[in-house]
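Protein chains in written order, with my numbering: chain A, 1 to 148; chain B, 149 to 535; chain C, 536 to 887; chain D, 888 to 1058.
Just so it is clear, CB atoms sit at the ideal spot from N, CA and C, and this is done for glycine as well.
Just below is one structure, and these are the notes that go with it.
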């Protein structure tokens, strides 16, 4: 069998999906547009942010919305020294699990920090709102460290 | 011997172009909740969840069972995701049934869905790969030449496809969940509709729908305790063959014939037209009714179209073997769910629970799904009696 | 419950880039190996075939359909597919055998992950409203999990480095491994952080490859007259998708699956765990209740080569091989799916 | 920040993933020949059927196809469709004919465009030949053949389609 040449070609799988949100996700995103963060109360009383549509433990549909703060505490973090093209920041940054004040369950978002040594578990952070908020998760243009 | 299993709950969403009021989870959940309600059960009663849908690219969510865990009450339970192209709704039901028939579980939930409005199926199916001819003309472009060959061989009159298109839409008008509601459709209207992929006209093609379908399947003991009549699973079969191979019979694929023979044998069917009371068969382009009538042994080769033209498959014409009383894929097509809808509608018939599209006295029904280049087949036979 | 025998297993070498080799070309050599092991010709000689793969690895819808071209599926065969790791295809196949619709099954999994940016591709399996649009990659999520472990004192960086060191050393005996070497925990710790608190060596590599297995009833195994091992337990569980509502330092679903599979019913000589990150091996070993007596990932595990969609199947295969070779009497294989070990499958394999 | 805007019910989510596609070994050998203006099929060592475009295996037997067979650029129409709708990612103006064509010497059809023909006269069994792009435009792609066009040869009976030798059909 003759040897095969290796034929390479780059291609992009690119498409814009048009998602309908339903009432729960829609409520959260509407809040973001108004620079408000809203959570939802789970069956055990915990406040979950972003709001889940269905309770993980009881499977019940959830509906009791709770306003929470746009400020909170870092529960865990990971330092991205070399951001990937798809990442929200081209500068080094931290992914973090952030428990917002008024919420019980941390959410995953990103934190702006100059250096890895600036952040730790327990750091206080506050949402930095995008210049124009449109009702999308990236309306929070990352969280900023709050001086203690 | 497989353990007995039965469908004890069926739930569907209303099928429509775009369910703009729900998230993906909300759509799937609605069908699942309806199935639980139909079975008189709650989430704690379910041992495992089996999820099916067509390619992840339709919604752009990879392995969606991961995100859908909470919507399907599956935290701490087994969750299996099936994908066998267009036949997936049927295969998923069969895999779900195997959870019971193997004696491993007592009651499982199975769900299949597609939220096609989130993308465009044509796009996902036509995304160009490097080094390939960019001539992919969608599913219609693939199946039209096969239909042309069927017409050549069978000498079927040109209006057979038109008749099926009208018949299934009239059936769909009896089914409030059907996407297309066209009680006023006429042969003339279908004939004058735009020719998309000659010989397939616009009105001879399925719509693009959002929707989900769910079933609860239970073991013998629990099925007998349910509030409504169970649909006993009397046979299950799947067959696959490659998309392209030299000498492949594309008009009446061997995989379909073998699959039918297998499921009939299990259900004790020797003459499907006589022994079955109705069938829900995956017909996304109208000409596939006569083609599948032959492939599934309801008519001799080359004569399927005669049954169609005689009204044998029509509820409205009092046919002896109604096909797609729910309106079929021609009336609703959330791709990943379409196969499961066929299976579920067959079950509704033998439960005597099909509303205005009930086939009177239906005791034994076929559910059928196919996918890929008409190469993946899944079928089941359900009955009002255990055996 | 009907006993299930494993009679054949083969895995291709895990390579960083399979080059000019499409799905079919990747699968065929692996299948022909397992056919040879039991002395059959092709998929016609088993009763059922089930595969596992993921369209998004190479970016083409219906990628699995090409897999059928490797089977010799003329005349047509009984066949199915899970868009999951092929370990779940084993699960589906066992149900088919238990219900009496098959006496034997061929299972294969394949993945060509090199064409895309895998950690970013996999970000799109997260919820499509809150997480996927942020493009949180899988390595970053695992790093958040590792940090929680470190902060809570549930492990140290040295513990993680020791997992890596053992993996690399074990892999020296595994001809299919992509990464192998005689490196110590100190060597690992001397490396800089990659995605803190993870070093590059804490993360599995991106690999291309396939694996295949044949399972059957005991009667069929005896008829084939080949050495076999028994699957005496198998269970899988998923848990909530909300990372914030899970205790990420534990794997509750693995515990449940281990209980269902009966892991604790006997001693475990060998365990092959699908831990794409070093700290996850520690979480899993604890959740499975393994102790000092268990040889963990003697193949090197997926830190030495990770065939997406086939690694879980390969774990079962690795345990099978150690049992039929007489190296072990009883072993546990684990497969995972989803971010931070969301979905876990546990299989117990024993000497026949 | 309270305002009277409608609540959010839908979002646009762009997803873009980049891949570096590599052709398989069988397809790569085929494409290397197409680049030189030659159509090659690959023969199954078991059933001896000739595949084009080869995808690496005989799908029926599940074995690699290795032996290469040079085929004619004449073919027979196995079936076709006249497409009247534009296809996403496809620049061709409708209506156009996409045909399943079997090259002489091959045992399986591939799809390609037909042109320079009267659409209404295209039929199963019709004989066609490739119209190639100018040689300087040839690349690793089947669209080196611009389209196939009817030629003056008698139709092939349906039962002979897919079974012609590479020497073709008696003119």
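Can you tell me whether residue 901 of chain D is buried or exposed? The criterion is at least 16 other CB atoms within 10 Å of its CB, across all chains shown.
Under this definition residue 901 of chain D is an exposed residue.
Determine, using beta carbons only, whether residue 52 of chain A comes closer than 8 Å to chain B.
Closer than 8 Å to some Cβ of chain B, the Cβ of residue 52 of chain A qualifies, so yes.
Do residue 713 of chain C and the ligand SAH come close, with the Cβ less than 7 Å from some heavy atom?
Inclusion of the ligand SAH in the displayed structure is not the case, the ligand content being empty and no account of it being possible.
Is residue 136 of chain A close to chain D, meaning its C-beta is less than 8 Å from at least one C-beta of that chain?
It does; some Cβ of chain D falls within 8 Å.
Here's the rule I'm using: 16 or more other beta-carbon atoms within 10 Å means buried, otherwise exposed. How should residue 1052 of chain D be labelled?
Exposed.
8 Å is my cut-off, CB to CB: does residue 905 of chain D come that close to chain C?
It does: the Cβ of residue 905 of chain D has a partner Cβ on chain C nearer than 8 Å.
Taking a Cβ distance cut-off of 9 Å, strictly less, list which residues of the stretch 12 to 23 of chain A are near chain D, in chain order.
Flagged, chain order: 12, 13, 14, 15, 16, 17, 18, 19, 20, 21, 22 and 23.
Does chain C have any CB closer than 8 Å to the CB of residue 172 of chain B?
Output row for residue 172 of chain B: interface = yes.
Count Cβ pairs between the stretch 149 to 156 of chain B and the stretch 365 to 380 of chain B that sit closer than 8 Å; are there 3 or more?
Touching, yes.
By how many angstroms is the C-alpha of residue 545 of chain C removed from the C-alpha of residue 585 of chain C?
Residue 585 of chain C and residue 545 of chain C: Cα-Cα distance of roughly 15 Å.
Counting only beta-carbon atoms, is residue 7 of chain A nearer than 8 Å to chain B?
Output row for residue 7 of chain A: interface = yes.
Can you tell which of B:160, B:334, B:167 and B:173 has the C-alpha that lies nearest to the C-alpha of residue 182 of chain B?
The candidate whose alpha carbon is nearest that of residue 182 of chain B is B:160.
Do three or more CB pairs link the stretch 488 to 499 of chain B to the stretch 206 to 214 of chain B at distances below 8 Å?
Judged by Cβ distances under 8 Å, the stretch 488 to 499 of chain B makes no contact with the stretch 206 to 214 of chain B, as fewer than three pairs qualify.
For residue 512 of chain B, I'd like the list of residues in its chain whose CB is within less than 8 Å of its CB, leaving aside the five on either flank, ordered along the chain.
Excluding positions up to five away in sequence, the list reads 382, 415, 417, 423, 424, 425, 498, 529, 530, 531 and 532.
Using the Cα positions of residue 981 of chain D and residue 487 of chain B, report the straight-line distance between them to the nearest angstrom.
Going from the Cα of residue 981 of chain D to the Cα of residue 487 of chain B covers about 32 Å.
Between residue 389 of chain B and residue 609 of chain C, which are expected to be in contact by the criterion C-beta below 8 Å, what is the C-beta distance as a whole number of angstroms?
Yes, residue 389 of chain B and residue 609 of chain C are in contact; Cβ-Cβ is about 6 Å, under 8 Å.
Please decide whether residue 986 of chain D counts as near chain C, where near means a Cβ-Cβ distance under 8 Å.
So, not an interface residue.
Should residue 663 of chain C and residue 209 of chain B be called a contact, given that it needs their Cβ atoms to be closer than 8 Å?
Yes, the Cβ-Cβ distance between residue 663 of chain C and residue 209 of chain B is below 8 Å.
Can you find the residues in the same chain that come closer than 7 Å, C-beta to C-beta, to residue 704 of chain C, ignoring five residues on each side of it along the sequence?
Cβ neighbours of residue 704 of chain C beyond the five flanking positions: 717.
Using the C-alpha atoms, what's the distance from residue 746 of chain C back to residue 244 of chain B?
Those two C-alpha atoms are separated by around 25 Å.
Which residues share a DSSP beta bridge with residue 865 of chain C?
Paired residue(s): C:885.
Compare the C-beta of residue 1052 of chain D against all C-beta atoms of chain B and say whether one is closer than 8 Å.
Not an interface residue.
Under 6 Å Cβ to Cβ from residue 493 of chain C, same chain only, skipping five residues before and after it: list those, please.
Chain C is shown only over 536 to 887; residue 493 of chain C falls outside these bounds and no answer can be derived.
How about residue 221 of chain B: is its C-beta nearer than 8 Å to some C-beta of chain A?
It does: the Cβ of residue 221 of chain B has a partner Cβ on chain A nearer than 8 Å.
Hey, is the stretch 821 to 839 of chain C in contact with the stretch 803 to 813 of chain C, meaning 3+ C-beta pairs nearer than 8 Å?
Flag = yes, the stretch 821 to 839 of chain C and the stretch 803 to 813 of chain C touch.
How big is the Cα-Cα spacing for residue 376 of chain B and residue 501 of chain B?
Using only the alpha carbons, I get a separation of about 9 Å.
Helix or strand or just coil, what does DSSP make of residue 902 of chain D?
It is a strand residue.
At the level of alpha carbons, what is the spacing between residue 681 of chain C and residue 633 of chain C?
So the two alpha carbons sit approximately 40 Å from each other.
Check residue 1056 of chain D in the structure and name its three-state DSSP category.
Three-state DSSP puts residue 1056 of chain D in coil, outside helix and strand.
Are there three or more Cβ pairs, one per stretch, closer than 8 Å when the stretch 622 to 632 of chain C is compared with the stretch 929 to 947 of chain D?
Verdict: no, contact absent.
Residue 590 of chain C CB to nearest chain B CB: under 8 Å?
Yes, its Cβ sits closer than 8 Å to a Cβ of chain B.
List the residues of chain B that residue 929 of chain D touches, going by C-beta distances under 8 Å, in chain order.
Within 8 Å Cβ-Cβ: nothing; residue 929 of chain D doesn't reach chain B, min ~11 Å.
Please list, in chain order, the chain B residues whose beta carbon lies closer than 8 Å to that of residue 631 of chain C.
Here the neighbours are 246 and 250.
Using the rule of at least 16 other Cβ atoms within 10 Å of the residue's Cβ for burial, across every protein chain shown, is residue 535 of chain B buried or exposed?
Residue 535 of chain B should be labelled exposed.
Comparing alpha-carbon positions, which option in C:573, C:659, C:570 and C:582 lies nearest residue 207 of chain B?
For the residues C:573, C:659, C:570 and C:582, the minimum Cα distance to residue 207 of chain B belongs to C:659.
Going by C-alpha distance, which of A:70, A:29, A:101 and A:39 is nearest residue 64 of chain A?
If we check each option's Cα against that of residue 64 of chain A, A:39 comes out closest.
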